[in-house]
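Notes to accompany the following structure.
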Amino acid sequence: MQWSKLFIPTLRENPVDAEVVSHQLLLRAGYIRQLAAGVYNYLYLAQRSILKITNIVREEMDGIGAQEFFLPALNPAEVWQESGRWDVMGQNMFRLKDRFGRDLCLGMTHEEVMTYIARGELRSYKQLPQIWYQIQTKFRDEPRPKSGLLRVRQFTMKDSYSFDIDAAGLDAAYDKHHAAYCKIFDRCGLKYIAVEADSGAMGGSQSHEFMVESNAGEDFVAVCDGAKYYANLEKAASVPKPPAAPDPEGDLEPEKFHTPGKKTIAEISEFTGLPATSQIKSLVMMADNKPVLALVRGDHTMHETKFAATVGGANEIRPAHPEEIRDLFGGTSAGSLGPIGVTNMRVIADKALEGRKNMICGANIDDYHLKNVTPGEDFKAEYFDLRQVEEGDTYEGFPIRVVKTVEIGHIFKLGYKYSKSMNLTVLDQNGKEVTPIMGSYGIGVERILTCAIELFHDKDGMSLPAAIAPFELVVTPANFADPGQHETAVGFYEEAKRQGIDVLLDDRDERPGVKFKDADLIGIPVRITIGKKLAQGVVEVVNRRTRESVDVPVAEAIEKAKSILRA
RNA sequence: CGGGGCGUGGCUCAGCCUGGUAGAGCGCCUGGUUCGGGACCAGGAGGCCGGAGGUUCGAAUCCUCUCGCCCCGACCA
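Just remember that the working numbering sits 567 ahead of the position in the first sequence, which is counted from 1.
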């Protein structure tokens, strides 16, 4: 392509509305323009890059025998009502009515429609397994779109769905996806980690997320390279740091003491001179408006997803309001709460409290606390993993880091949720009706681009992996009006095209500085610069990422460029 | 939905407090000089100041309402 004929509206300054790097660069480099909050126009460069990504996705999905479909984004309410998600999705789903007043929505995912197809057509175990996928636009009415293409209301997703006769079949489909995802992200040039994820109350049994470490991310992940353990914080387990002080010895009785005005863990810690690890933190949560008392060690944080998983099936989880707490605890306010004597709600405790003794907690009387409280003796609780993993915890003796990440893919063993609720059955070998088991698997296409930019950029712009850059090579004559440079540049351009290299010729009547700046900005991995040294038969081949520049004879330039692209 | 910020040529912003009829830099167009890291000179085009209402002789500026966008939080199959 000839640059002079293309629409690549690069910006010299950063648009003020862009905060994260990938967003700034996508705008500055002329890849995208915003249409509304969380809705973007993908211009020429973005579209080229996205097509390269989707081609890779396609090849690898086809490689595991998946079949590409294309389903409607516009869905009738009925299928969503059947699965129950018409209600569950709430405000997150775009809804509309047609001229006759019928309810419709814009699809967020396509479990329902895929299952709808399957139940109409799949009759026999002989037709299984099946893997169906599509690359399609998804809509989610995000309460708060942000960070450019990272959190948007309309985006492209590769979503696939597997149908199997039994769990072993699902395991195989899942493993195939795991392998295909690794290939896809490897080919896209990303650094990523596959982490164990919460499979939630959806009836799923196993789930992995593919994450890219990035400050722009919103998910926190526990990383333990030593033990090769990687898990989303929603799910991660670890060994906490030991208590900072030993528990007092002896079979002591709880003893009330006055703590005027001391409410927080830190205040009690200071008041008693004992570390936070000696305290029991009491949290009153409401699960669908039913109270639950959750206990964790004073220095620990409860993780709401773990709490939700423990309570199971609740639609709404929230901390109790101050008035509710007073109602439930005979007038006592948060800050003096404890588990002793609590009978009007379920009491659950984090495992880190099991086996501890003579600890401190609230006395359920304002401004009083208790010491010598021993879990299991002085109060009963059910023990679960409720605490959030923290930096400094260990896993099998190895230290854990907590990193911020962006989710680029998610694979999920769905189980029977959709096949059951939507009555998908086939006949097995014995002529008996059985319900197929399903899996669902997603990849956020734009997030691959976005993460690549987050991972690979410098002060001058993007430095995209060759496989997903809009062009592989840019030919930059310093002065295109110079006949020699002109001829050489066009020669490179034609030869590169002939060899199947995605090449861009910067034939613009611009000063060299402008061309260099633009080439760096839009992130083309290799540049051949033709300038004064052409008189000696030499041109420069520049590696965008390393900034390495080598002078090579004209005849060797394309070869050199190819060697960089292959690396 | 709570909190904060911002809407003025394509972009970045000034002007607003203290009302008097709109500016700069970049970009764009024309001509010329330039030509290895976002050139220079000269000339030029381009803005119902987000929208509506109000106060006033007069509103970008003051008041009310409204819409949009960004950030923090809540939320995130």
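For glycine and all other residues, C-beta sits at the position ideal for the given N, C-alpha and C.
Range covered by the alpha helix (DSSP H) that runs through residue i
i: Ile575; result: Here Ile575 belongs to no alpha helix (DSSP H), and DSSP marks it neither H nor E.
i: Lys1082; result: 1079 to 1089
i: Phe1038; result: Unbroken run through Phe1038: none, as it is neither H nor E.
i: Gln591; result: 588 to 595
i: Glu679; result: 678 to 688
i: Leu1137; result: Residue 1137 is absent from the structure shown; the chain starts at 568 and stops at 1134.
i: Gly1058; result: 1050 to 1065
i: Tyr741; result: 734 to 754
i: Ile835; result: 832 to 839
i: Gln648; result: 644 to 650
i: Leu1132; result: 1124 to 1133
For residue j and residue i, believed in contact at Cβ under 8 angstroms, the rounded distance
i: Val1106; j: Val1093; result: About 12 angstroms separates the two Cβ atoms, so there is no contact after all.
i: Thr682; j: Leu991; result: 6 angstroms
i: Leu862; j: Lys848; result: 7 angstroms
i: Pro906; j: Ala887; result: Their Cβ separation, rounded to whole angstroms, is 15 angstroms, which puts Pro906 and Ala887 out of contact at 8 angstroms.
i: Ser986; j: Asp933; result: With a Cβ gap of about 54 angstroms, Ser986 and Asp933 do not count as contacting.
i: Arg690; j: Leu994; result: 7 angstroms
i: Arg885; j: Met853; result: 5 angstroms
i: Leu592; j: Gly897; result: Actually they are not in contact, since the Cβ atoms of Leu592 and Gly897 sit about 58 angstroms apart, beyond 8 angstroms.
i: Gln1052; j: Ile1097; result: 5 angstroms
i: Leu953; j: Phe874; result: 6 angstroms
i: Leu1072; j: Ala1056; result: 6 angstroms
Candidates the options: closest to residue i by CA position
i: Gln955; options: Ala881, His870, Ala1128, Ser781; result: His870
i: Ala1036; options: Gly959, Ile620, Glu763, Asp670; result: Ile620
i: Arg1065; options: Ile1125, Pro813, Gly630, Phe706; result: Ile1125
i: Ala812; options: Lys823, Asp917, Ser836, Glu974; result: Ser836
i: His867; options: Val851, Ala843, Asn856; result: Ala843
i: Ile1015; options: Ala735, Gly756, Pro1044, Asp1073; result: Gly756
i: Leu554; options: Ser1130, Gly964, Val1081; result: No statement about residue 554 is possible, as the shown extent of the chain runs from 568 to 1134 and does not include it.
i: Ile1020; options: Glu949, Tyr598, Ser845; result: Tyr598
i: Glu635; options: Ala613, Val1001, Ile698; result: Ile698
i: Ala740; options: Thr1096, Gly632, Gln996; result: Gly632
i: Val588; options: Asp1085, Lys664, Lys918, Ser714; result: Ser714
i: Ala919; options: Met568, Glu949, His775, Gly929; result: Glu949
i: Phe965; options: Gly668, Leu717, Cys791; result: Cys791
i: Lys795; options: Ile760, Gly879, Ala783; result: Ile760
i: Ile617; options: Lys750, Ala916, Pro1032; result: Pro1032
i: Ala640; options: Met628, Asp629, Pro582, Thr676; result: Thr676
i: Leu695; options: Thr831, Asp733, Trp570; result: Asp733
i: Glu678; options: Glu890, Val719, Phe730, Asp753; result: Phe730
i: Ala746; options: Ala735, Leu716, Phe777, Asp765; result: Phe777
i: Gln996; options: Gln703, Tyr692, Ile1091, Glu580; result: Tyr692
i: Asp1076; options: Asp1049, Met989, Arg666; result: Asp1049
Cβ-based burial, residue i [other Cβ within 10 Å; buried from 16]
i: Asp1025; result: exposed
i: Pro821; result: buried
i: Asn882; result: exposed
i: Lys984; result: buried
i: Phe824; result: exposed
i: Asn642; result: buried
i: Lys999; result: exposed
i: Lys758; result: exposed
i: Asn799; result: buried
i: Ala1128; result: buried
i: Pro1044; result: buried
i: Val779; result: buried
i: Ser781; result: buried
i: Gly879; result: exposed
i: Glu1054; result: exposed
i: Leu578; result: exposed
i: Gly959; result: exposed
Opening and closing residue of the beta strand (DSSP E) in which residue i lies
i: Gln701; result: 697 to 706
i: Phe824; result: 822 to 825
i: Gln601; result: 599 to 603
i: Phe787; result: 786 to 791
i: Met926; result: 926 to 932
i: Arg968; result: 968 to 982
i: Val1093; result: 1093 to 1097
i: Met628; result: Looking at the DSSP string, Met628 is not in any beta strand (DSSP E); the run it does join, the alpha helix (DSSP H), is 611 to 630.
Looking at C-beta atoms only, is the number of pairs between the segment 592 to 612 and the segment 668 to 677 that lie closer than 8 angstroms three or more?
A contact between stretches requires three or more CB pairs, one per stretch, nearer than 8 angstroms, and the segment 592 to 612 fails this requirement with the segment 668 to 677.
Count Cβ pairs between the segment 924 to 944 and the segment 804 to 821 that sit closer than 8 angstroms; are there 3 or more?
Taking 8 angstroms as the limit for Cβ pairs, the verdict is that the segment 804 to 821 does touch the segment 924 to 944.
Would you call the segment 715 to 730 and the segment 622 to 633 in contact, with 3 or more CB pairs under 8 angstroms?
They touch, by the three-pair rule.
Below 8 angstroms, can you find three or more Cβ-Cβ pairs linking the segment 996 to 1013 to the segment 965 to 979?
Judged by Cβ distances under 8 angstroms, the segment 996 to 1013 makes contact with the segment 965 to 979, as three or more pairs qualify.
Pair every Cβ in the segment 783 to 801 with every Cβ in the segment 965 to 973, then say whether three or more of these pairs are closer than 8 angstroms.
The segment 783 to 801, when compared against the segment 965 to 973, does touch it at the 8 angstroms Cβ threshold.
I want to know whether the segment 657 to 664 touches the segment 702 to 716 - three or more CB-CB distances under 8 angstroms.
Taking one beta carbon from each stretch, the segment 657 to 664 and the segment 702 to 716 have 3 or more pairs nearer than 8 angstroms; the two touch.
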